[in-house]
Each structure stands twice: as structure tokens, then as C-alpha cells.
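Numbering (UniProt numbering), first residue to last: 1 to 398.
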């Protein structure tokens, strides 16, 4: 099966994860794709395949040579982001993209001026949506690339060392490797294939946390509210306005961190703000968390104990845990050069399952997928760039 057909097939599965759920996986529908991938791995010819109760698919390919070769792993996630629905995805292919604006539907179009990644894909065949859903190439393109490469490898009978593959749920809600069993993934190093540009070999991520701020109000009939009512929603507005105005995603780039308000709800009686905090610098990350606590403390001095902050760390910058072991990075960069791609390493403005695995001792940098504009209706994938990533994966294991 061609890599683009794999992606479009996987995109037909609704695998959106849930921030609110505490089950594993967070949504049952992720297991539907997991079962499909297990069957596909068995059909392709992996030596052994397992689907765990928590929704992780492990597949193994034994070495077919006595030569000493690195034991290598590849990881991609099955779930899609919550910003827009991933149900009823309708893919279509734009053949030989000419650089003009792409009309997704009557309401939405995308141009290379608004979405610069398109400018690097002129002449490519692009997979797009109908503008009502995301595509899910984050990270179903990664799954497609891995399985296409493994099928080609098995059919070629080319010499290779031990290879382990894992497909995980719940990456988008920060729980992708919560139940990942390292003893079932006995490799020297691994790669997540979960980025965008195919020249990327990334091993520096954000430090990340989620902050939930709750507000207790006092609800009184507005006709009798003088000096008695405390509106929790107004407290939430005051809190939000106290954070640095230009430390948000739309104002920041490169190594600049941010506070991102991802959810808000409120009435007079109670309110809640949900933030994600991101920073490459550990020191600045700690300062961000302290800032959120300090604002709450100041408001509580003013209004009484009505503002409560709960902060949960999600993942850490993987670079601090690599301890100078650059085997994986060097292997990937060599493979890219062999495939006529000049490698680039930049700080990821996000995180991957690999960040948490690296913290646990399995070094796991991130590679690209050839898909772009993730987490929204303007997501698209380049077929040629996905095909190049298949070539790169094969070069890594060879």
C-alpha cells in the first residue's frame, strides 16, 4: 500500500483523545485504530505483535544478520488533537500544487502567503481536507511512514538489525507514554516521527505544564448585590489580564516561552481558566509557574481566599537527559544526507512522546512527517515528502 493511501485510510478513523478522561486510552475509539494497526503489522510480516490493554501497539522485527547493528525503535501516536473534530475526515489530493490558493470549501481557503509551508511544496501532490475537520496527519502520517518503510524492508530482505515499532494513544493530552513499557522496547535508541519538515532532526523540546486556575464567587440577586456579590467570572478576567500580555503563542517564537489560555468557563458563582505553560529554559519555566502563583496570592490578599492554582508538569526538555549521547542524532543526520536532504536541528516549539521517553532513559529525538499546519482545518501533507521520509527511515535501519 502506498504511503499516501495509508495516511488517507488512517485519517478515516476518528481517534481524538480526551483531556477530561482518566481511562487508558482516554477514548475507546483509539482502540479501533489500534486493532487495525495490529492486524496490519501481522499482515506485513513483523515477527511478533502485541496490543496492550492500555492501547499501545508494539511490533518487532528480528535482526536478519549476524553483523553487529544498532537496535532501533520508531514511534508514532494514533490520537488527534482536540482543537477541531477528527471525525468524518474527507481527504482529497491536489495534484502538482501550483502555488495558488487552495479552496477547501465555500468558506475556507489557504494560501502560501498565510501558510508559508505551502511555498516549499510547490509541484508536490498534496493531501488536504474539505475544511470541516483536521487531517490527522499529526501523527497518522508518522504511522503511515513507519509501516510503509517496514513493509518495503521486509519485502526487500535487506540486512537489518533488531527493529521495534510502537504506536501510542493520548500523546495530544500529554499521556502518550504513561503506560509505555521500556522493557518491551529493548532498543539502543528510538525516533518519534511526529514533526513537520523532513529536514528536521530535533532533540530539544519545551518544558511543559498545565495550570488550572479556579475562582470562587459569591452569587447574590443583582438587585441586592451591593458590597455582597463577588463575580467569579470577573475574578477570572482580572487574573488573565495580570499575566504578561505578549507572552502568548501569537507573540512568541524560537526559544521564547508562553502562557496559552486553552479553556475558560464561568458564571457568577465559580469560574475556571486552563492554561498550558511552555519554555525551553528550565529557569524561565520555573519563573512562569511562580508568576501564576504570585498573581493568585496577590488577588487572595485583595478578595480573600478565592483564587486557587493547580499546576501539573507534563514533560521536560529532552536535551538535558541526552547526556552527550548523540548516536541517534548522528545516525539520522547521516541518513538524511544520504537521501540528499540537509539536516537541520532547531528547538521544537512543542513536545513529543520522545521527550518523556528520553527522561526515562530511552534517547528518542524527533523526525518530520512531511505534513504541516497541524491541529486545524488547514492541515495538509505532501506525498513526495512522505515518500522521502520512507526513504530516510530505510536508510536509518540500513
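Note that CB positions come from ideal geometry on N, CA and C, so glycine has one too.
- By the 16-neighbour rule on beta-carbons within 10 angstroms, residue 175 is buried.
- For residue 380, the enclosing beta strand (DSSP E) covers residues 380 to 382.
- Residue 161 and residue 286 have their C-alpha atoms spaced approximately 42 Å apart.
- Secondary structure note for residue 207: its beta strand (DSSP E) is the uninterrupted segment 207 to 216.
- Non-local C-beta neighbours of residue 236 in its own chain, meaning closer than 6 Å and more than five positions away in sequence, comprise 215, 266, 271 and 273, ordered along the chain.
- Residue pairing for residue 51: DSSP places it in a beta bridge opposite 57.
- Taking all protein chains shown into account, residue 371 has 16 or more neighbouring C-beta atoms within 10 Å of its C-beta and is therefore buried.
- No Cβ-Cβ contact shorter than 8 Å links residue 185 with residue 351.
- In this structure, DSSP gives residue 197 a state outside helix and strand, which the three-state scheme calls coil.
- Boundaries of the alpha helix (DSSP H) harbouring residue 235: 232 to 242, taken from the DSSP string.
- Take residue 141, set aside five residues on each side of it, and the residues of its chain with a beta-carbon closer than 7 Å to its own are 7, 369, 370, 371, 381 and 386, in chain order.
- Beta-bridge analysis with DSSP links residue 366 to 192 and 202.
- Judged by DSSP in its simplified three-state form, residue 71 adopts coil rather than helix or strand.
- In this structure, residue 53 lies away from residue 171, with their beta-carbon atoms at least 8 Å apart.
- Residue 15 holds the alpha-carbon nearest to the alpha-carbon of residue 29 among 167, 206 and 15.
- Of all alpha-carbon atoms in 346, 298 and 318, the one lying nearest the alpha-carbon of residue 309 is that of 298.
- A check of alpha carbon separations from residue 81 across 397, 393, 392 and 377 identifies 377 as the nearest.
- For residue 248, the secondary structure class from DSSP, reduced to helix, strand or coil, is coil.
- Straight-line measurement puts the Cα of residue 365 at about 15 Å from the Cα of residue 280.
- Per DSSP, residue 313 lies in no alpha helix (DSSP H) segment; the continuous beta strand (DSSP E) that holds it begins and ends at 307 to 315.
- Between the segment 329 to 347 and the segment 231 to 251, the count of Cβ pairs shorter than 8 Å is below three; the stretches do not touch.
- For residue 330, the three-state secondary structure derived from DSSP is helix.
- In the DSSP assignment, residue 103 is bridged to 109.
- With a contact defined as Cβ atoms closer than 8 Å, residue 177 and residue 356 qualify at about 5 Å.
- Scanning the segment 138 to 165 from its first residue to its last, no whole alpha helix (DSSP H) run of 4-plus residues comes out.
- Counting only the Cα atoms, residue 283 lies some 13 Å from residue 255.
- Residue pairing by DSSP places residue 270 opposite 216 in a beta bridge.
- Of 67, 181, 295 and 69, the smallest CA-CA separation from residue 51 is found for 181.
- Residue range 126 to 128 is occupied by the beta strand (DSSP E) that includes residue 126.
- Nearest C-alpha to residue 71 among 222, 163 and 354: 163.
- Comparing alpha carbon positions, the residue from 151, 195 and 335 closest to residue 47 is 151.
- Counting the other Cβ atoms within 10 Å of the Cβ of residue 306 gives 16 or more, which makes it buried.
- In the DSSP assignment, residue 93 falls outside any alpha helix (DSSP H) and within the unbroken beta strand (DSSP E) covering 92 to 94.
- Its chain contains no residue whose beta carbon lies nearer than 7 Å to that of residue 290 once the 5 sequence neighbours on both sides are disregarded.
- Taking a 10 Å sphere around the C-beta of residue 42, we find fewer than 16 other C-beta atoms and assign the residue as exposed.
- Under DSSP, residue 278 shares a beta bridge with 208 and 258.
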